[in-house]
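S.K.:
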Amino acid sequence: MLDDSFRSIVNAVVWGRSLYLNIQRFILFQLTINVVALGIALVGPFIGVALPLTVTQMLWVNLIMDTFAALALATEPPHQSVMQHSPRNPEAFIVTKAMAQNIFTVGLAFLLFLVGFLRYIRQDGEITPYELSVFFGVFVMLQFWNLFNARCLGLKQSAFKGLSKNKGFVAIAITIFVGQILIIQFGGSVFRTVPLSLVDWISVIVVTSTVLWIGELWRFIMRLKLKNHLRQSY
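In my numbering, the protein residues as written are 76 to 309.
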């Protein structure tokens, strides 16, 4: 704050709340991946898959989770809509009840889907490198689309609104997307992958993108409810 004008005070509050919200977005995204990754590692051996994800694959997932996601969500510009939020309790835990519900709901949904997928590809008694490559692609792409949902924490807007203005987020999203394709196509024995066909990639992208579309539908419903509430108020 360089002066004592009311505009500066408002801007300081907007930036402070937006920064705090960006931190919450990163935590939401990170903990959701942690729940899924931990669940897969624990459940895998019980369904006959000793190593659903290798160490090098987990290193890539951690790179997405800790570095790329932090940079992507930290670059989210401030939103004036944060001024509509009630002041938070300074002693309140950074993970809110709504965030915890989201983490465990989405994490459990991802886990059930991935476990079901592992059981499906193992129904013939063995899992091939090709099937594990598809599983790795599905696992990461689920998190990729969920990154867009995490961007909307605290907001009811579409994940695509203002996306073109946030070049940092777009650049990192493209890096994750292209990086995942390159790792599977050329990772070989290092990442325990084999190249997938174009049809495989289209299938993986389309199926996993339902995560984003479900989020978009939910936010659309929330916007309609808000409009109806405001209409009734007047």
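Glycine included, each C-beta is placed from N, C-alpha and C at the ideal position.
#1: Which residues mark the beginning and the end of the alpha helix (DSSP H) in which E206 is found?
#2: Return the chain-ordered list of same chain residues with a C-beta closer than 7 angstroms to the C-beta of E166, the five sequence neighbours on each side being excluded.
#3: Please state whether DSSP places E291 in a helix, a strand or coil.
#4: Quick check on T285: does DSSP put it in helix, strand or coil?
#5: Do Q218 and I108 have their C-beta atoms within less than 8 angstroms of each other?
#6: Take F295 and list the residues in its own chain whose beta-carbon comes closer than 7 angstroms to its own, dropping the five residues that flank it on each side.
#7: To the nearest angstrom, report how far apart K172 and S264 are at their CA atoms.
#8: Just how far apart, CA to CA, sit F192 and F210?
#9: With DSSP collapsed to three states, give me the class of R267.
#10: Is DSSP giving G114 helix, strand or coil here?
#11: Report back the beta-carbon spacing between V215 and V136 to the nearest angstrom; my notes put them in contact at under 8 angstroms.
#12: Excluding the five sequence neighbours on either side, which residues of its own chain have a C-beta within less than 6 angstroms of the C-beta of A145, listed in chain order?
#13: My guess is that L187 and F104 are in contact by the Cβ rule of under 8 angstroms, so how many angstroms apart are they, rounded?
#14: Looking at C-alpha atoms only, which residue of I277, V118 and P270 is the closest neighbour of L189?
#15: So what's N97 in DSSP terms, helix, strand or just coil?
M.R.: On the basis of the data shown:
#1: In the sequence shown, residue 206 corresponds to position 131, counting from 1. Where E206 is concerned, the enclosing alpha helix (DSSP H) stretches over P204 to R226.
#2: Position 91 of the sequence shown, counted from the start, is the residue given in the question as residue 166. In its chain, beyond the 5 residues on either side, no residue has a beta carbon closer than 7 angstroms to the beta carbon of E166.
#3: Taking the sequence shown and counting its residues from 1, one reaches residue 291 at position 216. Of the three classes helix, strand and coil, the one that applies to E291 here is helix, per DSSP.
#4: Position 210 of the sequence shown, counted from the start, is the residue given in the question as residue 285. Helix at T285.
#5: Translated into positions along the sequence shown, residue 218 becomes position 143. Translated into positions along the sequence shown, residue 108 becomes position 33. Taking 8 angstroms as the Cβ cut-off, Q218 and I108 qualify as a contacting pair.
#6: As a first step, residue 295 must be located in the sequence shown, where it is residue number 220. Correct list: empty, nothing qualifies.
#7: Sequence index remark: in the sequence shown, residue 172 carries index 97 (1-based). Sequence index remark: in the sequence shown, residue 264 carries index 189 (1-based). Taking the straight line joining both Cα atoms gives about 42 angstroms.
#8: In the sequence shown, residue 192 corresponds to position 117, counting from 1. In the sequence shown, residue 210 corresponds to position 135, counting from 1. Near 8 angstroms, if we compare the C-alpha coordinates of F210 and F192.
#9: The residue you call residue 267 lines up with position 192 of the sequence shown. Under the three-state reduction of DSSP output, R267 falls in the coil class, being neither helix nor strand.
#10: Within the sequence shown, residue 114 is the residue found at index 39, counting from 1. Three-state DSSP puts G114 in a helix.
#11: Residue numbering aside, residue 215 sits at position 140 when the sequence shown is read from its first letter. Residue numbering aside, residue 136 sits at position 61 when the sequence shown is read from its first letter. That belief holds up - the Cβ atoms of V215 and V136 are roughly 7 angstroms apart, short of 8 angstroms.
#12: What you label residue 145 is simply residue 70 of the sequence shown in a count that begins at 1. The residues F101, in chain order, have a CB closer than 6 angstroms to that of A145 in the same chain once the five nearest residues on each side in sequence are set aside.
#13: Stepping through the sequence shown from its first residue, residue 187 is reached at position 112. Stepping through the sequence shown from its first residue, residue 104 is reached at position 29. Actually they are not in contact, since the Cβ atoms of L187 and F104 sit about 19 angstroms apart, beyond 8 angstroms.
#14: Looking up residue 189 in the sequence shown gives position 114. Answer by Cα proximity: V118.
#15: For this step, residue 97 is matched to residue 22 along the sequence shown. In the structure shown, N97 sits in a helix (DSSP, three-state: H, G or I).
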